[in-house]
Amino acid sequence: MLTTPQSVAEQAASETIPSLLHRNATEYGDLPAVTSLDIDGHPTLTWAEFRTQIAVVSRGLAELGLTAGKRLLIMASGSPDHLIVDLAAAHLSAISCTAYATLSPDQIRYVAQHSAAEIVVLEGETELSRWSQVLDDLPALRHIVVMDVDAIPDGNSRFVSLASLREKGAALHAADPDAFERSWAGIRPDDPLSMIYTSGTTGDPKGVVLSHRNVVYEALAVHGLHGTPLHTRTIAYLPLAHIAERELSVYMPVVFAGHVHTLADPGGIVAALGQVHPEGFFGVPRVWEKMVAGMKNMLGAAPEDRREALLAANGLLQEGYKLRSAGKEVPAELAAKIEQTDKAALAPIRAMLGLDQLILPSSGAAALPVEILYFLAGLGIEIQEVWGLSETTGAITSNTASAFKAGTVGRALEGIEVKTAEDGELLVRGPVVFLGYLQTDGSIKPDTDPDGWLATGDIGTIDADGFVSITDRKKELIITSSGKNIPPTKIEGMLKEHILIGQAVAIGDDRPYVTALIVLDDEIAPAWAATNGVDVGEGASLADHPRVIEEIEAAVKSANSRLARIEQVKRYQVLTQPWSAESGELTPTLKLKRRVINERYGPNIADLYPA
31 MLTTPQSVAE
41 QAASETIPSL
51 LHRNATEYGD
61 LPAVTSLDID
71 GHPTLTWAEF
81 RTQIAVVSRG
91 LAELGLTAGK
101 RLLIMASGSP
111 DHLIVDLAAA
121 HLSAISCTAY
131 ATLSPDQIRY
141 VAQHSAAEIV
151 VLEGETELSR
161 WSQVLDDLPA
171 LRHIVVMDVD
181 AIPDGNSRFV
191 SLASLREKGA
201 ALHAADPDAF
211 ERSWAGIRPD
221 DPLSMIYTSG
231 TTGDPKGVVL
241 SHRNVVYEAL
251 AVHGLHGTPL
261 HTRTIAYLPL
271 AHIAERELSV
281 YMPVVFAGHV
291 HTLADPGGIV
301 AALGQVHPEG
311 FFGVPRVWEK
321 MVAGMKNMLG
331 AAPEDRREAL
341 LAANGLLQEG
351 YKLRSAGKEV
361 PAELAAKIEQ
371 TDKAALAPIR
381 AMLGLDQLIL
391 PSSGAAALPV
401 EILYFLAGLG
411 IEIQEVWGLS
421 ETTGAITSNT
431 ASAFKAGTVG
441 RALEGIEVKT
451 AEDGELLVRG
461 PVVFLGYLQT
471 DGSIKPDTDP
481 DGWLATGDIG
491 TIDADGFVSI
501 TDRKKELIIT
511 SSGKNIPPTK
521 IEGMLKEHIL
531 IGQAVAIGDD
541 RPYVTALIVL
551 DDEIAPAWAA
561 TNGVDVGEGA
571 SLADHPRVIE
581 EIEAAVKSAN
591 SRLARIEQVK
601 RYQVLTQPWS
611 AESGELTPTL
621 KLKRRVINER
631 YGPNIADLYP
641 A
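Encoded structure:
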């Protein structure tokens with residue numbers, strides 16, 4: 031049992047995802063497992079019902095020929111059906127992989143050919159329209175299962191609806207229920223479970239293969255570190271192709287019998303928070319940045335006395351947070367004042383946002399600007415920053431409510447070792463390190479050195495207390511023409527502290543000084559303009575308005591005031607078009623595709639370096 035005082039390693043060594051699902055259906059069968067926020071009435075499956083659905087779909091997939099070691103691709107938004115298909119494949123010892131919904135046809139072709147998947151599960155017409163462009167190049171793909179029956183083209187035997195697969199699986203399961211139990215009985219903790227394709231910031235994506243031990247250990251270590259209880263409520267709103275969402279919304283709920291609420295459109299997360307009031311909530315930095323920008327916009331529109339009172343309360347909580355971050359005690363008088371102020375002024379705001387019951391608010395995938403961290407702490411929402419990779423099953427390190435340092439990513443989880451190489455690259459060893467990369471012949475090739483250390487590609491430091499700080503990606507460091515090494519994400523993070531700036535990329539490789547391309551936030555900027563009486567007129571761009579130019583200039587000056595002279599942005603250009611994963615400048619996890627940006631905006635960059 032996972033509730034015994036065994037070490038994390040001992041517990042992870044004896045469990046698999048199917049064995050834990052069996053436990054949940056047996057011991058917590060009447061508790062809620064998954065709720066859809068996208069269907070009227072928000073239908074909920076209990077753990078017993080959820081596992082029965084998994085059994086039915088598993089039998090249907092087996093009938094299509096899915097067996098141990100074969101790969102199953104899924105391209106669909108978050109939903110109970112998505113989770114069911116994924117976990118159904120796990121019971122067959124197959125390797126499931128959710129592909130990012132933003133992949134282009136060329137990228138789909140690459141992933142499908144590299145994985146050699148014989149079965150793919152698609153949501154509907156949107157996904158099918160892109161896959162149909164490359165199906166002739168995928169002779170190994172035998173079956174396309176479509177969730178939306180109305181999207182299936184006529185007269186093509188490769189297509190089957192999820193409904194018909196379920197119907198067939200239900201009949202098979204009713205005729206021989208024990209077949210499902212036999213299908214997973216031989217699965218062991220070190221067997222492959224799932225695969226994630228890296229988002230490919232510098233080249234073709236790689237297939238990261240994770241084991242049952244990897245995902246169970248990660249769940250146990252994270253929950254143990256933070257002391258989070260069983261049966262926590264969470265919202266699955268990020269792509270399930272992302273390691274953080276996959277661990278938080280697929281595996282952790284299985285390990286701890288949690289209650290997942292699926293949300294297909296991340297744009298609906300504000301309303302979803304108010305409905306669910308989650309106990310655990312993970313946001314990539316852009317989610318938290320937008321939340322803070324929205325709050326600041328609301329403050330800007332509030333009556334002056336109300337605005338000043340809330341800002342004073344925010345400052346008070348920040349003061350206490352900064353003291354604790356520095357390892358200092360909060361004086362009793364200040365602590366009492368913080369408690370009183372929080373209860374009177376800030377607790378109602380958290381309740382309004384749906385963040386009043388949070389036990390573990392966290393952030394990862396990229397650095398969260400420290401000013402965003404402080405502002406949220408001033409609302410009583412203390413974000414625990416984590417650091418991790420797809421190759422490490424998610425978090426390697428984490429801050430906690432009782433042991434944190436703002437601006438760091440915390441200390442290593444139980445049983446995980448972190449050290450720095452001579453060039454500053456961080457190396458990791460432990461049970462969360464992946465099995466290896468999938469090869470085109472179907473084999474799995476480890477990527478650790480003979481002593482088990484994985485090179486993360488991140489540059490960082492470890493202080494005397496064990497807290498890790500990330501400086502930059504090894505492959506993304508700017509090396510100027512004078513030979514100076516400059517971390518671009520530090521500069522970009524400071525620029526993005528301004529609510530108008532959605533994205534920024536620092537330029538300077540092989541050049542005499544640093545410049546930047548800046549993109550306005552396509553959601554916040556129009557709202558800011560309306561609040562501040564800025565009217566650009568039809569066909570004009572906010573990026574060209576004098577008030578906006580003035581704000582961006584102030585943002586650049588603010589960043590430069592905190593940067594070393596060699597790091598300062600000497601020239602910049604504000605672009606008129608937003609960046610997104612769909613337009614190609616960002617990965618699906620909203621990281622910059624620097625190579626694409628440098629190629630696409632070559633003339634703009636050239637203008638920043640006049641002869």
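Mapping the sequence shown onto my numbering, position 552 (from 1) lands on 582, and the numbers just tick up by one. Every residue gets a Cβ at the ideal spot worked out from N, C-alpha and C, and that includes glycine. Every value quoted in this text rests on a predicted model; they were computed, and no experiment measured them.
Please identify the residue among the options whose C-alpha is closest to the C-alpha of residue i.
i, options, result
"R503", "P480, L530, D453, L293", "D453"
"M382", "G304, P608, T561", "G304"
"I521", "H575, A485, K587, L260", "K587"
"Y351", "M328, E309, L406, K373", "L406"
"T519", "V175, E597, R336, E580", "E597"
"V179", "V64, L152, A201, H203", "L152"
"I531", "A560, L572, D540", "L572"
"L376", "K358, G357, Q348, L340", "L340"
"F434", "I138, L255, I273", "L255"
"A131", "S145, T619, E629", "T619"
"D637", "V626, A557, T545", "T545"
"S194", "L250, V86, L158", "V86"
"I104", "D167, A124, A98", "A124"
"A129", "A215, Y227, I516, L457", "Y227"
"G90", "N429, S159, S191, S134", "S191"
Where does residue i sit, in a helix, a strand or coil, going by DSSP?
i, result
"P62", "strand"
"E615", "coil"
"D206", "coil"
"R188", "coil"
"P296", "helix"
"L32", "Residue confidence for L32 is low, a pLDDT of 35 falling below 50, so the modelled location carries little weight; the figure read from the coordinates is stated next. L32 falls in the coil class under three-state DSSP."
"W318", "helix"
"T262", "coil"
"P222", "strand"
"A201", "helix"
"N562", "coil"
"A442", "strand"
"G538", "coil"
By Cβ distance, which residues of its chain are closer than 6 Å to residue i, with the 5 residues on each side in sequence left out?
i, result
"E45", "V246"
"I529", "A323, K326, I554"
"L32", "Confidence in L32 is poor, its pLDDT being 35 and thus under 50, which makes the residue's placement unreliable; the coordinate value appears in the next sentence. Excluding residues within five positions, the ones whose Cβ falls inside 6 Å are Q41."
"D220", "S241, R243"
"L622", "V535"
"R276", "L270"
"P235", "Y227, T228"
Looking only at its chain, what residues have a beta carbon closer than 7 Å to the beta carbon of residue i, apart from the 5 residues adjacent to it on each side?
i, result
"V306", "R263, I265, H291, G384"
"I492", "V448, T450, V498"
"Q83", "L75, I114"
"A146", "R101, A170, G472"
Using 10 angstroms around the beta-carbon of residue i, count the other beta-carbons present and answer buried if the total reaches 16, otherwise exposed.
i, result
"N562", "exposed"
"H72", "exposed"
"N186", "exposed"
"P391", "buried"
"I500", "buried"
"G632", "exposed"
"R624", "buried"
"S591", "exposed"
"A356", "exposed"
"P664", "Because the chain spans 31 through 641 in this model, residue 664 falls outside it and cannot be assessed."
Bridge partners of residue i, per DSSP?
i, result
"D502", "I489"
"T430", "DSSP output for T430 lists no bridge partner at all."
"Y467", "V238, K475"
"K449", "L457"
"F312", "S392"
"I104", "T128, V151"
"V549", "Q533, L605"
"L484", "V458"
"T76", "P62"
"V544", "V599"
"Y652", "This structure cannot settle anything about residue 652, because the visible part of the chain is limited to 31 through 641."
"N515", "I509"
"Q414", "S392"
Just to confirm my understanding: we take residue i, look at its own chain, exclude 5 residues before and 5 after, and list those with CB closer than 8 Å. What are they?
i, result
"R172", "L94, G95, E148, I149, R188"
"V578", "L530, L550, A555, A559, V564, L572, V604"
"Y404", "Q348, Y351, K352, A436"
"F311", "T264, I265, L303, L385, L388, L390, P391, S392"
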